[in-house]
Amino acid sequence: EPEVTQTPSHQVTQMGQEVILRCVPISNHLYFYWYRQILGQKVEFLVSFYNNEISEKSEIFDDQFSVERPDGSNFTLKIRSTKLEDSAMYFCASRTTVLPVGYTFGSGTRLTVV
Amino acid sequence: SQQGEEDPQALSIQEGENATMNCSYKTSINNLQWYRQNSGRGLVHLILIRSNEREKHSGRLRVTLDTSKKSSSLLITASRAADTASYFCATGSGNTPLVFGKGTRLSVIA
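Below you can see the structure in the form of structure tokens.
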């Protein structure tokens, strides 16, 4: 079964450092998403990406965040200057254009900012 | 904003019993989805029910949707210890991103 792959599975970074979280969506999917989940809390939407541009973003997704699809397969989330409160599990998801359809989520990257 | 809210927040049952989790939301949707998350792991899509459907089955899972009450339920029959996980409902409408609820933590005791 096709999977969404995320790397790394766990990243520890110093406050103020830049991090890049990587995702390989399913190859024929065209919508891509980043969500995050702070420990013990709900899964929150960050940003959606379609046709090589951001289609929607939440208020969490401020100027510290950016997304990129640098090539035909990878989809990245960059946090420019990490804060302690950025510590969370970050999930990438993708789906086809056919609605309605369930999303396929990756297994997540646990980001710990120290 | 549309928002799924599950109850109960936590549920503990014996293996073999049925588990029922409920979800309420606030705005119009065109589908509602249930996801499962094992501790510290990714989200696994379980089942999707469209707004014009009232009930859907998949294996031991049964989902109902009542759009007049803006609520859904997920029933897991004959639960197993391996069903222990958190279960989230998520609402979808067109191309807007899924909105997740806070989840129900299910513990199935062998």
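In order, the protein sequences belong to chains A and B. Read in order, the letters of the first sequence correspond to residues 1 to 114 in our numbering. Read in order, the letters of the second sequence correspond to residues 1001 to 1110 in our numbering. The C-beta atom is built at its ideal place from N, Cα and C for all residues, glycine as well.
Counting only runs that start and end within the region 10-55 of chain A, where is the beta strand (DSSP E) found for 3 or more residues in a row? 10-13, 19-24, 31-37 and 43-50
Tell me, please, whether the region 1010-1023 of chain B touches the region 102-113 of chain A by the rule of three or more beta-carbon pairs shorter than 8 Å. no
Secondary structure at E85/A, three-state DSSP: helix, strand or coil? helix
Closest Cα partner of T1091/B within the set E1015/B, Q1009/B, S1024/B and D1007/B: S1024/B
Any C-beta of chain A within less than 7 Å: which residues of the region 1049-1083 of chain B qualify? R1050
Would you be able to state if there are at least three C-beta pairs under 8 Å between the region 16-23 of chain A and the region 36-51 of chain A? no
If I measure Cβ to Cβ from Q1002/B and keep anything under 7 Å in the same chain, skipping five residues before and after, which residues do I get? Its pLDDT being 41, under 50, Q1002/B is placed unreliably by the model, and nothing is read from it.
Around the C-beta of P70/A, are 16 or more other C-beta atoms found within 10 angstroms, so that it is buried, or is it exposed? exposed
By Cβ distance, which residues of its chain are closer than 6 Å to V67/A, with the 5 residues on each side in sequence left out? V47, F49 and L77
Buried or exposed by the 16-neighbour rule on C-beta atoms within 10 Å, applied to P8/A: exposed
By DSSP, does Q1081/B sit in helix, in strand, or in coil? Position check: residue 1081/B holds Ala in this sequence, whereas Gln was assumed. Helix, per DSSP.
To the nearest angstrom, report how far apart L1061/B and Q14/A are at their CA atoms. 43 Å
What did DSSP end up calling T96/A once you bin it into helix, strand or coil? coil
Candidates T1084/B, K1056/B, E1053/B and L1065/B: closest to R1104/B by CA position: First, the residue type needs correcting, since residue 1104/B is Thr and not Arg in the sequence shown. Ranking the options by Cα distance to T1104/B, first place goes to T1084/B.
Assuming the contact rule is C-beta atoms closer than 8 Å, H1045/B and T109/A should be a hit. Round their C-beta distance to whole Å, please. Contact doesn't hold; Cβ gap of about 19 Å is too wide.
What did DSSP end up calling V1099/B once you bin it into helix, strand or coil? strand
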